[in-house]
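Enquirer: Take any residue in the sequence shown, count from 1 to its spot, add 5: that is its number in my numbering.
Virtual Cβ for every residue (Gly too), placed ideally from N, Cα, C.
Pasting in a structure now, in structure tokens, and then I'll have a few things to ask.
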Amino acid sequence: LYTARALFTDSEDQEEDVRSPHFNGHILAAYTADTPLTEAGEDNISYFSGYDSSLFGGSEAVCLLQEDFLNSRGLQLGDSYHVRLNTLKEGGEVYPAGEAEFKIAGTFRESGSGFANAVAVCSYDTLKAALSQFNLHIWPSSAWLKVKDPTQLNRIKEAMKEANITSVLPQAYLFSTQGSAAVINDRKFILRAEPLERNIRLLQSLYPLFFAAVAVIAFLVSYLLAQSRRDEIAVCRSLGESRTGVFLQFFWESTVVCLSGAVLGFGAAALLSGISPGMLALPLLGYLAAYLLGAAAAILLLNRTNVIQVLTTLD
6 LYTARALFTD SEDQEEDVRS PHFNGHILAA YTADTPLTEA GEDNISYFSG YDSSLFGGSE
66 AVCLLQEDFL NSRGLQLGDS YHVRLNTLKE GGEVYPAGEA EFKIAGTFRE SGSGFANAVA
126 VCSYDTLKAA LSQFNLHIWP SSAWLKVKDP TQLNRIKEAM KEANITSVLP QAYLFSTQGS
186 AAVINDRKFI LRAEPLERNI RLLQSLYPLF FAAVAVIAFL VSYLLAQSRR DEIAVCRSLG
246 ESRTGVFLQF FWESTVVCLS GAVLGFGAAA LLSGISPGML ALPLLGYLAA YLLGAAAAIL
306 LLNRTNVIQV LTTLD
């Protein structure tokens, strides 16, 4: 968001030499978007019929006036507003420009960041076009940018430092600050990010313990499930199936159950949590290994049980 400003007077102002140190015109703020106005609320702006926020992307000779200022001038939405424009040179010196006329395309209550005292607002290109008639040029006096990825803030700060852009505290910032300065409003992010980072570090430190607990649980679950099939294994052995055949059959069944559950859990975790599949690969492999190890141990132990004793108990 680029912004610029100019001073203006109208017919109700007393004629005063703009070169006088006591000259005090009204501020005309120019934006490339209506963001500073909507920061005070969507109902902060009222557009005249046929106009909307798109006017800030054009160069039509229209402006918005502060509500009280509009009423004090006895103007209405849609009226033409005749002013004398003046520009500000570096150091605060006022330079006379010339006559300009704008159509009043809406009203606002608060003018937004950086131009708290502005009573008129137009698009950046509108002010640029108006001043170009007098062979005058404008450049942005300030700019806003929004960081989409807050994790890149430190890199941005380093880049600013290399470009000799000074960081200014928001509380101490004055619009008249000269040179390259930037206000970084990251206090809210830091207040939220620091506790989150501490929690993440804590979870990372507990990750090995969590991984071990999951592995133990997987081992015990598979072991107990295989133990619950003790009678089936005894029946298979009594029918002449070899220990190797029994092991392969029951181990294969455990593998199918394990893989089915692992694939479903893997898919749900990747879909719902947004975690990359690569980060889930290690826990998945650990779970598979622990589950299958538990199943194998249980089947091997059951293969050595006394078949006659089991069948007698079953009978």
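Specify the secondary structure class of I189 as computed by DSSP and reduced to three states.
Expert: By 1-based counting over the sequence shown, the position of residue 189 is 184. DSSP places I189 in coil when its eight states are reduced to three.
Enquirer: Can you tell me whether F139 is helix, strand or coil according to DSSP?
Expert: The residue labelled residue 139 in the question sits at position 134 within the sequence shown. Looking at F139 - three-state DSSP - the assignment turns out to be coil, as it is neither helix nor strand.
Enquirer: Which partner residues of P101 appear in the DSSP bridge assignment?
Expert: Counted from its first residue, the sequence shown places residue 101 at position 96. Note: P101 sits in a beta bridge opposite N91.
Enquirer: I need the boundaries of the beta strand (DSSP E) containing R248, first residue and last residue.
Expert: As a first step, residue 248 is located in the sequence shown; it is residue number 243 there, counting from the start. No beta strand (DSSP E) contains R248, which is instead part of the alpha helix (DSSP H) from R248 to S278.
Enquirer: Could you check the C-alpha separation between W149 and G63 for me, to the nearest Å?
Expert: Stepping through the sequence shown from its first residue, residue 149 is reached at position 144. Stepping through the sequence shown from its first residue, residue 63 is reached at position 58. Distance between the alpha carbons of W149 and G63: 19 Å.
Enquirer: In three-state terms, what does DSSP make of T171?
Expert: For this step, residue 171 is matched to residue 166 along the sequence shown. Strand.
Enquirer: Assuming T14 and Y129 form a contact by the criterion Cβ under 8 Å, report the distance between their Cβ atoms to the nearest whole angstrom.
Expert: Stepping through the sequence shown from its first residue, residue 14 is reached at position 9. Stepping through the sequence shown from its first residue, residue 129 is reached at position 124. Not really, about 21 Å apart at Cβ, beyond 8 Å.
Enquirer: For R160, does the count of other Cβ atoms within 10 angstroms reach 16, so buried, or fall short, so exposed?
Expert: Residue mapping note: residue 160 aligns to position 155 of the sequence shown, counting from 1. By the neighbour-count rule (16 or more Cβ atoms within 10 Å), R160 is not buried but exposed.
Enquirer: Going by C-alpha distance, which of L297, A123 and E163 is nearest V221?
Expert: Here residue 221 refers to the residue found at position 216 when the sequence shown is read from its first residue. Taking only the C-alpha atoms, the option nearest V221 is L297.
Enquirer: Assuming contact is defined by CB atoms lying nearer than 8 Å, are A34 and V99 in contact in what I supplied?
Expert: Locating residue 34 in the sequence shown gives position 29, counting from the first residue. Locating residue 99 in the sequence shown gives position 94, counting from the first residue. It is not a contact, given that the beta carbons lie outside the stated cut-off.
Enquirer: Does L293 get closer than 8 Å to chain D when you measure Cβ to Cβ?
Expert: Protein chains in the displayed structure number just one, and chain D is not present.
Enquirer: Indicate the three-state DSSP secondary structure (helix, strand or coil) for Q81 in the structure shown.
Expert: As a first step, residue 81 is located in the sequence shown; it is residue number 76 there, counting from the start. Coil, per DSSP.
Enquirer: Mind reading off the beta-carbon distance from F120 to R10? Whole number of angstroms is fine, and I expect it under 8 Å.
Expert: In the sequence shown, counting from the first residue as 1, residue 120 sits at position 115. In the sequence shown, counting from the first residue as 1, residue 10 sits at position 5. Confirmed, about 6 Å.
Enquirer: Between the Cα of S77 and the Cα atoms of S16, F61 and R235, which residue gives the shortest distance?
Expert: Here the question's residue 77 lines up with position 72 in the sequence shown. Checked all of S16, F61 and R235; the closest Cα to S77 is S16.
Enquirer: For the beta strand (DSSP E) that A66 lies in, which residues bound it at each end?
Expert: The residue you call residue 66 lines up with position 61 of the sequence shown. Element bounds for A66: n/a, residue is neither H nor E.
Enquirer: Taking the alpha carbon of C323 as the point to measure from, which residue in L289, K133 and H87 has its own alpha carbon closest?
Expert: This structure leaves residue 323 out entirely; the chain is present only between 6 and 320.
Enquirer: For A353, tell me which candidate among A218, L82, N91 and N169 has the shortest Cα-Cα distance.
Expert: No statement about residue 353 is possible, as the shown extent of the chain runs from 6 to 320 and does not include it.
Enquirer: Would you decide whether F224 is buried or exposed? Buried here means 16 or more other CB atoms lie within 10 Å of its CB.
Expert: The residue given as residue 224 occupies position 219 in the sequence shown. Classification of F224: buried, given that the 10 Å Cβ count is 16 or more.
Enquirer: According to DSSP, which residues form a beta bridge with Y52?
Expert: Here residue 52 refers to the residue found at position 47 when the sequence shown is read from its first residue. In DSSP, Y52 forms a bridge with G111.
Enquirer: If I'm right that A300 touches S259 with Cβ under 8 Å, what's the distance once you round it to whole angstroms?
Expert: Numbered from its first residue, the sequence shown carries residue 300 at position 295. Numbered from its first residue, the sequence shown carries residue 259 at position 254. Indeed, because the Cβ distance is near 4 Å, the residues count as touching under 8 Å.
Enquirer: Could you have a look at F216 and say whether DSSP puts it in helix, strand or coil?
Expert: What you label residue 216 is simply residue 211 of the sequence shown in a count that begins at 1. DSSP places F216 in helix when its eight states are reduced to three.
Enquirer: Does the distance from the CB of I50 to the CB of V124 come in under 8 Å?
Expert: What you label residue 50 is simply residue 45 of the sequence shown in a count that begins at 1. What you label residue 124 is simply residue 119 of the sequence shown in a count that begins at 1. Cβ atoms of I50 and V124: not closer than 8 Å.
Enquirer: With DSSP run on the structure shown, which of helix, strand or coil describes T1?
Expert: Missing from the structure shown is residue 1; the chain here goes from 6 to 320 and no further.
Enquirer: In this structure, how does DSSP classify L12 when only helix, strand and coil are distinguished?
Expert: Position 7 of the sequence shown, counting from 1, holds the residue named residue 12. It is a strand residue.
Enquirer: Quick check on the DSSP output: the beta strand (DSSP E) that includes S243 runs from which residue to which?
Expert: For this step, residue 243 is matched to residue 238 along the sequence shown. No beta strand (DSSP E) contains S243, which is instead part of the alpha helix (DSSP H) from R235 to S243.
Enquirer: Is the beta carbon of L75 sitting closer than 8 Å to the one on T112?
Expert: As a working mapping, residue 75 is identified with position 70 in the sequence shown. As a working mapping, residue 112 is identified with position 107 in the sequence shown. Yes, the pair counts as a contact, with Cβ atoms nearer than the cut-off.
Enquirer: Are T92 and L42 touching if we call contact CB-CB under 8 Å?
Expert: On the sequence shown, residue 92 is found 87 positions in, with the first residue counted as 1. On the sequence shown, residue 42 is found 37 positions in, with the first residue counted as 1. The answer is no: Cβ separation not under 8 Å.
Enquirer: Give the DSSP bridge partners of S128, in chain order.
Expert: Reading the sequence shown from its first residue, position 123 is the one you call residue 128. Y36, per the DSSP bridge assignment.
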